[in-house]
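Numbering (our numbering), first residue to last: 21 to 128.
Accompanying notes for the structure given below.
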Amino acid sequence: MIFASVYPHYINKAEKKNRTKVEVDEIICWLTGYTQESLQTQIDTKVDFETFFEQAPQLNENVTKITGVICGYRIEEIEDPLMKKVRYLDKLIDELAKGKTMEKILRK
């Protein structure tokens, strides 16, 4: 699946709850280590999720603090490394849409 094809859905989900694209990008950059410019490059080149996470500069050291259930799966129990990273991102965007503060979402 192409990251750029899902990215607009993340933004739409956030904007429906009065959150912003800037916040979505901040979450993605926090999780992956991308800068705003390198994130845009990944979107423009239409990389798939596997490539998106493989090329990520560095997953945030606090990813293990992202726990709970997303799409019916408990994140801590997901064994496939790629699926776990995708679900981390899904969970963070879900938290944004549910109104959590950025401080809590970014595990500060």
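Positions of the beta carbon are idealized from the N, C-alpha and C atoms, including for glycine.
Considered as a whole, the region 79-111 harbours no complete run of any alpha helix (DSSP H) with no fewer than 4 residues.
Distances from the alpha-carbon of A76 to those of H29, Y27, C49, G119 put C49 closest.
Closest in alpha carbon position to K105, among E57, F69, E35, K36, is F69. For N32, the enclosing alpha helix (DSSP H) stretches over residues 23-36. According to the DSSP assignment, T52 belongs to the alpha helix (DSSP H) that extends over 41-52.
Within its own chain, the residues whose Cβ lies closer than 7 Å to the Cβ of M21, once the five positions on either side in sequence are excluded, are D68, F69, listed in chain order.
Contact annotation: K37 and A117 have beta-carbon atoms nearer than 9 Å.
Taking the CA atoms as reference points, E97 sits about 19 Å from L51.
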